[in-house]
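First up is the structure itself, then whatever we jot down about it.
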């Protein structure tokens with residue numbers, strides 16, 4: 079390809095016999111070149127937040143051996159962060175993140191203000207000491223569970239209890255009146271205490287179960303009747319012609335005119351007076 083110098087613009091090459099293209103074509107080419115360069119530089123530097131973050135990391139690496147100089151440089155970065163926020167180059171969240179990075183790199187351990195402080199007050203260094211608990215004297219569980227006269231008690235079960243107590247009072251008065259009318263006032267006063275029907279049944283069931291498991295006899299079982307002693311056989315008296323009777327042992331018995339009994343053992347010649 080043959081080229082030649084032209085007199086339109088120095089140091090510009092054109093085709094031989096072709097006029098130099100200037101004007102709109104040249105302006106568009108230069109503008110496109112500048113736009114690409116801006117994008118290239120933006121990719122290198124990043125956003126203002128990324129730029130300052132890289133600056134903090136570089137300062138920490140360059141001045142790792144000189145704490146005083148690093149602290150001074152980080153102080154300058156703090157001013158730079160505030161200026162970037164005022165110029166709306168970074169937002170509040172980015173501001174706080176940069177402050178966190180500066181505090182992590184700061185050799186003096188300084189802290190800096192933030193716009194969005196979401197820390198827990200419980201871990202704040204300025205948190206006052208917790209108050210001492212005044213326990214007083216020791217109390218047992220019954221005292222703690224007991225209600226005072228002016229305390230509020232829920233209505234659950236209270237209405238039912240009031241109805242039950244009123245009904246029991248009416249029944250007691252009615253039974254007392256009936257007993258007085260019947261002339262049995264003492265029996266009404268000394269009547270058995272009322273209990274829930276199911277309560278006694280439950281107790282008896284428990285007793286019965288314990289007796290069965292322990293091998294004892296059933297408490298509800300009827301006791302076996304004791305055998306009645308056999309009656310002694312009445313002596314058999316055999317009457318003789320002389321009013322003498324002989325029992326089964328061969329003893330002779332005789333009743334005199336005064337009603338006294340005499341007896342004579344077998345083989346004995348004499349009679350002996352029977353004394354009760």
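In our numbering, the protein residues as written are 79 to 354. Where a beta carbon is used, it is the ideal one built from N, C-alpha and C, also for glycine.
Q) Which word fits residue 152, buried or exposed, when buried means at least 16 other C-beta atoms lie within 10 angstroms of its C-beta? A) What you label residue 152 is simply residue 74 of the chain shown in a count that begins at 1. Residue 152 should be labelled buried.
Q: Jot down the residue ranges of each uninterrupted alpha helix (DSSP H) in the region 126-161, minimum 4 residues, whole runs only, in chain order.
A: For the region 126-161, the full-length alpha helix (DSSP H) segments reaching 4 residues or more read 126-140 along the chain.
Q: Report, in whole angstroms, the separation of the C-beta atoms of residue 330 and residue 341, which I expect to be a contact under 8 angstroms.
A: For the purposes of this step, residue 330 is taken as the residue at position 252 of the chain shown. For the purposes of this step, residue 341 is taken as the residue at position 263 of the chain shown. The Cβ separation is near 6 angstroms, so the contact holds.
**Q.** Coarse secondary structure for residue 366, derived from DSSP in three states
**A.** Coverage of the chain is limited to positions 79 through 354, which leaves residue 366 absent and any answer about it impossible.
(Q) Please report the straight-line C-alpha distance between residue 193 and residue 155, rounded to a whole angstrom. (A) For this step, residue 193 is matched to residue 115 along the chain shown. For this step, residue 155 is matched to residue 77 along the chain shown. Approximately 17 angstroms, taken between the alpha carbons.
Q.
For residue 143, tell me which candidate among 343, 167, 125 and 184 has the shortest Cα-Cα distance.
A. Walking along the chain shown from the start, residue 143 turns up at place 65. With distances taken between Cα atoms, residue 143 lies closest to 184.
Q. Between residue 347 and residue 328, is the Cβ-Cβ spacing less than 7 angstroms?
A. Here residue 347 corresponds to residue number 269 of the chain shown, with the count starting at 1. Here residue 328 corresponds to residue number 250 of the chain shown, with the count starting at 1. No, Cβ-Cβ distance for residue 347 and residue 328 is not below 7 angstroms.
Q.
Given a cut-off of 7 angstroms on the beta-carbon distance, is the pair residue 141 and residue 132 in contact?
A. Counting from one through the chain shown, the residue named residue 141 turns up at place 63. Counting from one through the chain shown, the residue named residue 132 turns up at place 54. No, Cβ-Cβ distance for residue 141 and residue 132 is not below 7 angstroms.
Q: Rank 239, 281 and 130 by C-alpha distance to the C-alpha of residue 158 and give the top, closest one.
A: Numbered from 1 along the chain shown, position 80 holds the residue referred to as residue 158. Of the candidates 239, 281 and 130, the one whose C-alpha sits nearest the C-alpha of residue 158 is 130.
Q. Using DSSP with H/G/I as helix, E/B as strand and the rest coil, what is residue 236?
A. The residue you call residue 236 lines up with position 158 of the chain shown. Residue 236: helix per DSSP, three-state reduction.
**Q.** Distance CB(residue 161)-CB(residue 168) smaller than 7 angstroms
**A.** As a working mapping, residue 161 is identified with position 83 in the chain shown. As a working mapping, residue 168 is identified with position 90 in the chain shown. No, the Cβ-Cβ distance between residue 161 and residue 168 is not below 7 angstroms.
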